[in-house]
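Sequence order for the protein chains is A and B. Okay, so the first sequence: first residue is -9 according to my numbering, each after it adds one. Okay, so the second sequence: first residue is 640 according to my numbering, each after it adds one.
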Amino acid sequence: MPTNSPTLEFKSGSFSVPILILFTDDLKAIGQQLQEKVDLAPEFFKNSPLIFDVQELNKLSRALDIPALVDIIRQSGLLPTGIRGGTTEQNKEALALLIPVYSAHSSTLTSADTQAPKQKIIESESSVNASATIITRPVRSGQRLYASGDLIVLAQVSAGAEIMAEGNIHVYNTLRGRALAGVQGNVDARIFCSDLQAELISIAGNYKISEDMRDVVSKKSVQVYLQGHTLIIKDIV
Amino acid sequence: MTRIIVVTSGKGGVGKTTTSAAIAMGFAKKGHKTAVIDFDVGLRNLDLIMGCERRVVYDIVNVIYGEATLNQALIKDKHCENLYILPASQTRDKDALSQEGVGQILEELAAKDFKYIVCDSPAGIEKGAHLAMYFADDAFVVTNPEVASVRDSDRMLGILASKSRRAEQNLEPIKEYLLLTRYSAERVKIGEMLSVTDVQDILSLHLLGVIPESKSVLTASNSGMPVILDEKSDAGQAYADIVARYLGEDKPHRFIEEKKGIFGKFFGSK
Ligand SMILES: Nc1ncnc2c1ncn2[C@@H]1O[C@H](COP(=O)(O)OP(=O)(O)OP(=O)(O)O)[C@@H](O)[C@H]1O
Ligand SMILES: [Mg+2]
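So this is what it looks like as structure tokens:
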């Protein structure tokens, strides 16, 4: 190791961090819904950073108890790393808990889904330009992928691999691992696949395991969609 | 340009060390200056397979800790003058290796004009296996025709694609090759083993060669001679083919079909 190498360096980087937008000050309801979301993709959310946004609430002048909220978020296994849209008082409370304050002004935040604001409790920052993520190399056992929009995989997905998308999943090869579409609760998400031999498929938390798919013919193009709470697997002709 | 090749598998006992010894000797016999490094600290046995265990003075850990120079630790092979062996330590534990230390050794070998550096990985996905593959340009993924081995190879391929230097620095990915070893066409036929097609179907990987299950491997390792030196043996020929294919020669695959008896030879359909 050369002795004149630098000790440290500052670089700017940008990350995609989930933002939790709150529409209610009912802490119990928040805790419950948060847990439900986390349960959909536990591995993904485990120790994930999270910024919570209280702008909407403050518009209704419903001031939330920040320390209590932080507790709830931590209990669900997420790590709160910022507050957005807080009042001076709330920002102070957050800073006391060593949580950085972000300015409410943000171009990335849009509430695309206005019909059911109460349901939409987590919004990924990148869901705005939710373009598709394209993967060209095999997804191997032990690898995990998460896309905030659609996910398109042009190679195989091995047994023991896990792919997740907030939107649709397309696999133009053999799917042997686990595929979870609509992981943020999008019931209209679908899975398309040219050879379904999956260990598990799921749409918005409704799943089938390989045992339930014994009569699916391999090496045939299929699509999977949700009808009520049932996953339907249909040939694409 | 030096090419660093890792021989890896995930699963233990599939034939990594046998393969490392054979291909390193193969490259050297073709006239390329080659080094083979044992990364299995604590369980070294490459030196046994290479028949140089009595000449080990210093090992890779000594070099990393500055207790010996690389020149002092490299053992010149007695069969081929282009071949050098860097043994692992028997006495240290596997945490004695560091990424920086390994990187320095590889750089020094490159500076000494080694053409091929073969890294014999330990089993598993822990530190030793990680360091063996981290700097690699090519990976020889050694797989036996059985489900557990195939699954572990797949896992290792995921690690090669995400945790290597090439992955971290966004360089061209490691080139991956499949070596299917301990293959027995007879056992495939009666359904006791996966076939070449089955394995390729699951891994979708470029097949560099099939090495048959062969007594010659044990005989070779007992006498401290890489099996490739036994030119009459099937396993030796399989490794020679693999070396030739890797170097760009066009060799049709062998040892995939069942051996035909004397009748088959005369009257067989193929
Ligand atoms: N083609 C073959 N035919 C018969 N036996 C073989 C063949 N290849 C390897 N073996 C035997 O399998 C055993 C394991 O081989 P080897 O030590 O090369 O595996 P390894 O992958 O390096 O093991 P480890 O994970 O412990 O380092 C040895 O006894 C060896 O002789
Ligand atoms: Mg070994």
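Glycine included, C-beta positions come from ideal geometry on N, C-alpha and C. Every value quoted in this text rests on a predicted model; they were computed, and no experiment measured them.
By the Cβ-count criterion, residue 657 (chain B) is buried, with 16 or more other Cβ atoms from all chains shown falling within 10 Å of its own Cβ. The CB of residue 806 (chain B) never comes closer than 7 Å to any CB in chain A; the least such distance is about 10 Å.
A residue is called buried when at least 16 other Cβ atoms come within 10 angstroms of its Cβ; residue 90 (chain A) does not meet this threshold and is exposed. Against chain B, the CB of residue 128 (chain A) has a partner CB under 8 Å away; the residue lies at that interface. At least one beta carbon of chain A lies nearer than 8 Å to the beta carbon of residue 797 (chain B). The Cβ atoms of residue 842 (chain B) and residue 793 (chain B) sit closer than 8 Å to each other.
A distance below 7 Å between beta-carbons, with the five flanking residues on each side excluded, links residue 650 (chain B) to the following residues of its chain, in chain order: 762, 787, 788, 791. For residue 81 (chain A), the Cβ stays outside the 7 Å cut-off from all heavy atoms of ligand 2. Per DSSP, the beta-bridge partners of residue 72 (chain A) are A:41.
For residue 852 (chain B), the shortest C-beta to heavy atom distance toward ligand 1 is below 7 Å. The beta-carbon separation of residue 159 (chain A) and residue 177 (chain A), rounded to 14 Å, does not stay under the 8 Å limit for a contact. In the same chain as residue 864 (chain B), and ignoring 5 residues on each side of it, the C-beta atoms closer than 8 Å to its own belong to 690, 718, in chain order. Cα atoms of residue 10 (chain A) and residue 51 (chain A): separation of roughly 18 Å, rounded to the nearest angstrom. When C-beta atoms of the stretch 670 to 684 of chain B are compared with those of the stretch 716 to 734 of chain B, three or more pairs fall below 8 Å, so the two segments count as touching. Sequence-distant Cβ neighbours of residue 832 (chain B) in its own chain, meaning closer than 7 Å and more than five residues away, are 784, 785, 823, 826.
The beta carbon of residue 130 (chain A) sits closer than 7 Å to those of 148, 151, all from its chain and outside the five residues before and after it, given in chain order. Separation of residue 802 (chain B) and residue 782 (chain B) (C-alpha to C-alpha, rounded to the nearest whole angstrom) is 20 Å. Burial state of residue 820 (chain B) is buried, judged by a 10 Å Cβ sphere holding 16 or more other Cβ atoms. In the three-state reduction of the DSSP assignment, residue 78 (chain A) falls in the helix class. For residue 89 (chain A), the secondary structure class from DSSP, reduced to helix, strand or coil, is coil. Taking a Cβ-Cβ cut-off of 7 Å, the neighbours of residue 800 (chain B) in chain A comprise 127, 130, given in sequence order. Taking the Cβ atoms as the reference, residue 647 (chain B) lies roughly 13 Å from residue 800 (chain B), outside the contact range of under 8 Å.
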